[in-house]
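Have a look at the structure below, then the notes.
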Amino acid sequence: MAHSRWKTLRERQLAEKLAEPDDVAEARHEIRLSMALAQAVYARRTELGLTQTELAGRSGLTQAKISRIEGSDTVPTLPLLTKLARALDASLNIALDGDSTEVTFTAHQHDAA
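Heads up: the sequence shown begins at 1369 in the working numbering, then just goes up one per residue.
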């Protein structure tokens, strides 16, 4: 076998051994999504000067649930995300593009009377 062909075969074998199993890669992706949401909730809550307890009261959730969301310990449902967005007086924006994820809250603009 020619050296270049052997080298290519060896590199492919090494890459296969180093590749993550699909279930591990999926779990890592889900964790990244959860962490992006956690950071967005925390950032908006602190921007508003709210405690977790105050946000819980505004959203109809428990403080423990808010803590789990901010700690990336849960994957919230769409109805729960709706409650959070309302309580944070913002629109929730989620951009998913391959391995890239962006989660932000955009504050609602209120007209001055």
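Ideal placement from N, C-alpha and C gives every residue a C-beta, glycine not left out.
Chain C within 9 Å of T1414, Cβ atoms only: Chain labels in this structure do not include chain C; a single protein chain is all it has.
Backbone CA spacing between S1440 and A1408 [nearest angstrom]: As a first step, residue 1440 must be located in the sequence shown, where it is residue number 72. As a first step, residue 1408 must be located in the sequence shown, where it is residue number 40. If you take the alpha carbons of S1440 and A1408, they lie about 11 Å apart.
Inter-residue CB distance, L1405 and I1434 (contact presumed, cutoff 8 Å): For the purposes of this step, residue 1405 is identified with residue 37 of the sequence shown, where counting begins at 1. For the purposes of this step, residue 1434 is identified with residue 66 of the sequence shown, where counting begins at 1. Actually they do not touch by this definition, with Cβ atoms about 12 Å apart.
Rounded separation between A1393 and I1399 - CA only: The residue given as residue 1393 occupies position 25 in the sequence shown. The residue given as residue 1399 occupies position 31 in the sequence shown. Roughly 10 Å separates the two Cα atoms.
Residues near S1427 in its chain [Cβ-Cβ closer than 6 Å; skip 5 each side]: The residue labelled residue 1427 in the question sits at position 59 within the sequence shown. Taken in chain order, the residues that qualify are K1451, L1452 and A1455.
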